[in-house]
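Numbering (this note's numbering), first residue to last: 148 to 341.
In structure tokens form, the structure reads like this:
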């Protein structure tokens, strides 16, 4: 029983230490326009901030097309166009809505299919700071031959010192860290064995 307790305590301390490092290493929000690529993709969430940010950089010429991945089935294109800041014709022709994804794994699958159909291999990925490590791990595992450039959006979960802004934010970050660890482990398993 003592060995089990010692093992579990050591595991908990290792996890906690990893969480501290994970939070300290979270990427900073982008503060500049990205270089032009073939496609821009955003994984939904974050109360619309991710989507509006992706739309803004796309309208400014960041890519040829924009994929909004993980759009709820009941969300219309007209509703999403309320976030749009560019010419209406650009939204109508070049913004694609992915409605199948229910998770980050699903987002990566949706992005892979979209990129393949358009023959894109150089993509800007827009998502929140806390979500970006896992999003990149999952997406790069799914698309190893593509160049995925992160474009980070502030989540509000971190304060000016880079620490959790609240208890709720800390719990959200802890949950995301655990998902990130699982995604890293899964990325090591060959696709055929999953």
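Idealized CB from N, CA, C, for every residue including glycine. None of the values given here were measured: they were computed from a predicted structure.
| query | result |
| --- | --- |
| Specify, as a first and last residue, the run of the beta strand (DSSP E) that residue 243 falls within. | 242 to 245 |
| If I'm right that residue 157 touches residue 190 with Cβ under 8 Å, what's the distance once you round it to whole angstroms? | That pair is no contact at about 34 Å. |
| Run through DSSP, which three-state label would residue 264 get? | helix |
| For residue 276 and residue 176, what's the separation of their Cα atoms in angstroms? | 7 Å |
| Among all the DSSP beta bridges, which residues are the ones paired with residue 186? | 212 and 270 |
| Name, in chain order, the residues that DSSP records as bridge partners for residue 234. | Answer is none; residue 234 lacks a bridge partner. |
| Using the three-state DSSP reduction, which class does residue 324 fall into: helix, strand or coil? | helix |
| Residue range of the alpha helix (DSSP H) that residue 297 falls in? | Residue 297 -> not in any alpha helix (DSSP H); beta strand (DSSP E) instead, spanning 294 to 300. |
| Going by C-alpha to C-alpha distance, which of 166, 245 and 155 sits closest to residue 309? | 166 |
| Can you tell me where the alpha helix (DSSP H) holding residue 283 begins and where it ends? | 279 to 289 |
| By a C-beta neighbour count over all protein chains shown, 10 Å radius and 16 as the cutoff for buried, is residue 223 buried or exposed? | exposed |
| Please check the pair residue 186 and residue 214, which I expect to be a contact at CB under 8 Å, by giving their CB distance rounded to whole angstroms. | 7 Å |
| Could you compute how far the alpha carbon of residue 318 sits from the alpha carbon of residue 152? | 24 Å |
| Of the choices 272, 211, 271 and 253, whose alpha-carbon is the least far from that of residue 242? | 211 |
| I need the DSSP call for residue 199, collapsed to helix, strand or coil. | helix |
| On the CB-based measure, 16 or more other CB atoms within 10 Å of its CB, does residue 294 come out buried or exposed? | exposed |
| Please tell me whether residue 284 and residue 330 are closer than 7 Å, where the distance is taken between their beta carbons. | yes |
| Does DSSP put residue 228 in a helix, in a strand, or in coil? | helix |
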